[in-house]
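Peer 1: The opening residue of the sequence shown carries number 1 in the numbering used here; numbering runs sequentially from there.
Yeah, the Cβ is synthetic: ideal placement off N, Cα and C, and Gly gets one too.
Because the structure is a prediction, the values reported are computed rather than measured.
I have a structure here, written as C-alpha cells, and I will follow up with some questions on it.
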Amino acid sequence: MSFISARWLTTPLFAAACSVGLLASSPSFADEKLPNVMILATGGTIAGTGATSTTTVGYTAAKIGVEQLIEAVPELKKVANVKGEQVFQIASENMTNDHWLKLSKRVNELLAKPDVDGIVITHGTDTIEETAYFLDLTVHSAKPVVIVGAMRPATAISADGPINLYNAVSLAGSKDAVGKGVLVALNDQINAGRDVTKTNTSTADTFRTPELGMLGYMQGGLPHFYRQPVRKHTTESEFDVSKLDSLPQVDIVYGYANNNRIALDAFVKAGAKGIIHAGVGDGSLSNAMKPGLIDARKDGVVIVRSSRVGNGILARNGEANDDELDFVASDTLNPQKARILLMLALTKTSDTKAIQKMFYTY
Ligand code: DGL
Numbered sequence: 001m002s003f004i005s006a007r008w009l010t011t012p013l014f015a016a017a018c019s020v021g022l023l024a025s026s027p028s029f030a031d032e033k034l035p036n037v038m039i040l041a042t043g044g045t046i047a048g049t050g051a052t053s054t055t056t057v058g059y060t061a062a063k064i065g066v067e068q069l070i071e072a073v074p075e076l077k078k079v080a081n082v083k084g085e086q087v088f089q090i091a092s093e094n095m096t097n098d099h100w101l102k103l104s105k106r107v108n109e110l111l112a113k114p115d116v117d118g119i120v121i122t123h124g125t126d127t128i129e130e131t132a133y134f135l136d137l138t139v140h141s142a143k144p145v146v147i148v149g150a151m152r153p154a155t156a157i158s159a160d161g162p163i164n165l166y167n168a169v170s171l172a173g174s175k176d177a178v179g180k181g182v183l184v185a186l187n188d189q190i191n192a193g194r195d196v197t198k199t200n201t202s203t204a205d206t207f208r209t210p211e212l213g214m215l216g217y218m219q220g221g222l223p224h225f226y227r228q229p230v231r232k233h234t235t236e237s238e239f240d241v242s243k244l245d246s247l248p249q250v251d252i253v254y255g256y257a258n259n260n261r262i263a264l265d266a267f268v269k270a271g272a273k274g275i276i277h278a279g280v281g282d283g284s285l286s287n288a289m290k291p292g293l294i295d296a297r298k299d300g301v302v303i304v305r306s307s308r309v310g311n312g313i314l315a316r317n318g319e320a321n322d323d324e325l326d327f328v329a330s331d332t333l334n335p336q337k338a339r340i341l342l343m344l345a346l347t348k349t350s351d352t353k354a355i356q357k358m359f360y361t362y
C-alpha cells in the first residue's frame with residue numbers, strides 16, 4: 001500500500017464509502033479456483049495510524065477496520081477469496097485469556113466449515129508469540145492458521161502491513177501449510193507458533209526462532225518450507241477449551257541478582273494455581289527465592305522452572321533437584337510460552353509428572 005492510499009484509508013470519506021459498500025466488496029467465496037480464506041482482525045499496529053508518514057513509534061494501534069485492511073490490498077483477490085471479521089480491535093498488550101478463549105472457539109468453528117480453507121489473524125506484534133502458541137495447542141484442525149502483524153503503522157512510508165497481509169493470505173490458502181500447526185508470517189519469513197519470539201522492539205525483522213530456526217520463507221507470494229515442527233500441535237493436542245469460560249491463573253516471577261520472594265508470595269496469596277520461574281542461566285534458584293517456591297509448592301501451586309535466557313534446554317534436575325522439589329522443567333519454552341502450556345495443563349491435571357510429560361510433548 002502506498003502512503004497516499006494508506007493516508008486515504010483513515011479518512012471519513014473512505015470509511016463512509018466502505019460502510020455503504022461502494023468499496024468494501026463483501027467478497028463471498030466467489031472464485032472456485034482460489035482457496036477461501038477468512039481474515040480475523042484483532043487490532044495492533046497493522047491496523048495502526050500515525051500523525052505523519054514518518055511516525056513509526058508513538059502511533060495509535062488498532063484504529064483501522066478489517067474491511068479497510070482488505071480494501072488496501074486489492075492483490076489479495078488474486079491469491080484467495082477473502083472475507084473479513086473484526087473479532088476485537090485492541091493493542092495486543094491488552095490481550096487476555098478471555099480474548100484467547102473467544103478467538104480459539106471462533107477459529108475452530110470456522111475451520112469446521114467445509115468452505116473455509118484457511119484463516120489469517122491480524123494481531124499486534126507484542127503478544128503474537130503467545131496467541132500463536134495458545135492457538136497451536138487449542139485449534140483442532142490441520143487447516144492453515146497464520147498470524148500476521150506489522151512493525152510500522154498503515155500510514156507510514158514503507159508500511160510492512162500490506163505485504164505481510166498478502167503473504168499471510170497466500171500462505172493460509174496454501175496446501176503446503178496444511179498440518180504445520182499455527183504459523184507466524186512477517187517479513188517474508190515463516191515461523192512456528194511454538195518457537196517464534198519477538199527479538200527487537202521496533203525493527204521489521206523482529207520475529208525470529210533463535211537457534212532452532214524458522215520453517216521457511218515467503219517469496220514471490222508463495223511459501224517455501226525447509227523444516228517441519230517436531231512437537232505435537234493442533235490435531236494432536238489433548239487440550240480442548242471449547243467448553244471453558246476461564247483458564248487457571250498462572251503468573252511469572254523473574255530471576256535477577258539480589259531478587260526476593262515478595263512478588264511470588266503476592267501471586268500465591270492472590271490465588272495463582274501455577275508459577276513460572278524465569279530463572280537466571282539454566283533456571284537457577286537464588287537462596288532468596290527458593291524457599292518461596294518450596295512454600296508455594298506445599299500450598300499446591302505447580303512450579304515450572306524456565307529461564308530468562310531465551311534459548312537452550314532448561315534441564316530437569318540441573319540447577320535444582322526437581323525430583324526432590326516436585327518442580328517441572330520447561331524444556332525449551334521461554335517463560336511466556338511455558339505459562340501458556342502450564343495454564344492449559346492445569347485444565348486437565350495438577351499431577352506434576354503428567355505435566356512434565358506435557359512439556360516434553362508440546
Ligand atoms: N501495541 C503494540 C501491539 O498492539 C504495537 C506493536 C505492533 O502491533 O506491532 O502489539
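On the three-state DSSP scale, how would you describe Q219?
Peer 2: Numbered from its first residue, the sequence shown carries residue 219 at position 219. Looking at Q219 - three-state DSSP - the assignment turns out to be strand.
Peer 1: Looking at V328 and I294, is the spacing between their C-beta atoms short of 9 angstroms?
Peer 2: Mapped onto the sequence shown, residue 294 falls at position 294. Mapped onto the sequence shown, residue 328 falls at position 328. Result no, Cβ atoms of I294 and V328 do not sit closer than 9 angstroms.
Peer 1: So the candidates are V37, P291, V309; which of them puts its Cα closest to the Cα of N167?
Peer 2: Position 167 of the sequence shown, counted from the first residue, corresponds to residue 167. Taking only the C-alpha atoms, the option nearest N167 is V37.
Peer 1: Since D331 contacts F359 with CB under 8 angstroms, what's their CB separation in whole angstroms?
Peer 2: To locate residue 331, count along the sequence shown from 1; it is residue 331. To locate residue 359, count along the sequence shown from 1; it is residue 359. Yes, D331 and F359 are in contact; Cβ-Cβ is about 5 angstroms, under 8 angstroms.
Peer 1: Just how far apart, CA to CA, sit A51 and A91?
Peer 2: If you number the sequence shown from 1, residue 51 lands on position 51. If you number the sequence shown from 1, residue 91 lands on position 91. Their Cα atoms are separated by approximately 17 angstroms.
Peer 1: Please look up how many angstroms separate the CB atoms of S307 and G281, rounded, as I've assumed it's under 8 angstroms.
Peer 2: The residue you call residue 307 lines up with position 307 of the sequence shown. The residue you call residue 281 lines up with position 281 of the sequence shown. Going by Cβ atoms, the distance from S307 to G281 rounds to 7 angstroms, so yes, they are a contact pair.
Peer 1: Please report how far the alpha carbon of T209 lies from the alpha carbon of N81, in whole angstroms.
Peer 2: For the purposes of this step, residue 209 is taken as the residue at position 209 of the sequence shown. For the purposes of this step, residue 81 is taken as the residue at position 81 of the sequence shown. Near 31 angstroms, if we compare the C-alpha coordinates of N81 and T209.
Peer 1: Under 9 angstroms, do V230 and A185 count as touching if we go by C-beta distance?
Peer 2: As a first step, residue 230 is located in the sequence shown; it is residue number 230 there, counting from the start. As a first step, residue 185 is located in the sequence shown; it is residue number 185 there, counting from the start. Cβ atoms of V230 and A185: not closer than 9 angstroms.
Peer 1: Helix, strand or coil: which one does DSSP assign to F267?
Peer 2: As a position in the sequence shown, residue 267 is number 267, starting the count at 1. Looking at F267 - three-state DSSP - the assignment turns out to be helix.
Peer 1: Using the Cα positions of A24 and P223, report the straight-line distance between them to the nearest angstrom.
Peer 2: The sequence position of residue 24 within the sequence shown is 24, counting from 1. The sequence position of residue 223 within the sequence shown is 223, counting from 1. Legend: pLDDT at A24 = 38, less than 50; position of this residue unreliable, value from coordinates given subsequently. A24 and P223: Cα-Cα distance of roughly 28 angstroms.
Peer 1: May I ask you to check if the CB of I46 is nearer than 8 angstroms to at least one heavy atom of the ligand DGL?
Peer 2: Locating residue 46 in the sequence shown gives position 46, counting from the first residue. Because some heavy atom of the ligand DGL lies under 8 angstroms away, the Cβ of I46 counts as near it: yes.
Peer 1: Mind checking Y256: buried by the 16 CB within 10 Å criterion, or exposed?
Peer 2: By 1-based counting over the sequence shown, the position of residue 256 is 256. By the neighbour-count rule (16 or more Cβ atoms within 10 Å), Y256 is not buried but exposed.
Peer 1: With a 10 Å radius around its C-beta and 16 neighbouring C-beta atoms as the bar for buried, classify V182 as buried or exposed.
Peer 2: As a working mapping, residue 182 is identified with position 182 in the sequence shown. Result: buried.
Peer 1: DSSP three-state label for R208, please.
Peer 2: Sequence index remark: in the sequence shown, residue 208 carries index 208 (1-based). Strand.
Peer 1: Run the proximity test for S92: is its beta-carbon closer than 8 angstroms to any non-hydrogen atom belonging to the ligand DGL?
Peer 2: Taking the first residue of the sequence shown as position 1, residue 92 is located at position 92. Yes, Cβ of S92 sits closer than 8 angstroms to a heavy atom of the ligand DGL.
Peer 1: In chain order, what residues of the same chain have a beta carbon less than 8 angstroms from the beta carbon of A320, not counting five sequence neighbours either side?
Peer 2: One-based indexing of the sequence shown puts residue 320 at position 320. Same-chain partners within the cutoff: G283, S284, L285, K290, R305, F327.
Peer 1: Apart from the five residues just before and just after K105, which ones in its own chain have a Cβ nearer than 8 angstroms to its Cβ?
Peer 2: In the sequence shown, the residue the question calls residue 105 occupies position 105. Correct list, in chain order: V241, S242.
Peer 1: Keeping to the same chain, check which residues put their C-beta closer than 8 angstroms to that of S350; ignore five residues upstream and five downstream.
Peer 2: For the purposes of this step, residue 350 is identified with residue 350 of the sequence shown, where counting begins at 1. Excluding residues within five positions, the ones whose Cβ falls inside 8 angstroms are K273, G300, V302.
Peer 1: Take S2 and list the residues in its own chain whose beta-carbon comes closer than 7 angstroms to its own, dropping the five residues that flank it on each side.
Peer 2: Residue mapping note: residue 2 aligns to position 2 of the sequence shown, counting from 1. Only weak support exists for where S2 lies, its pLDDT of 37 falling under 50; the value from the coordinates is given anyway. Nothing meets the Cβ criterion.
Peer 1: Tell me the start and end of each unbroken beta strand (DSSP E) in the segment 253-298 that is at least 3 residues and wholly inside, in chain order.
Peer 2: Whole beta strand (DSSP E) segments, 3+ residues: 274-279.
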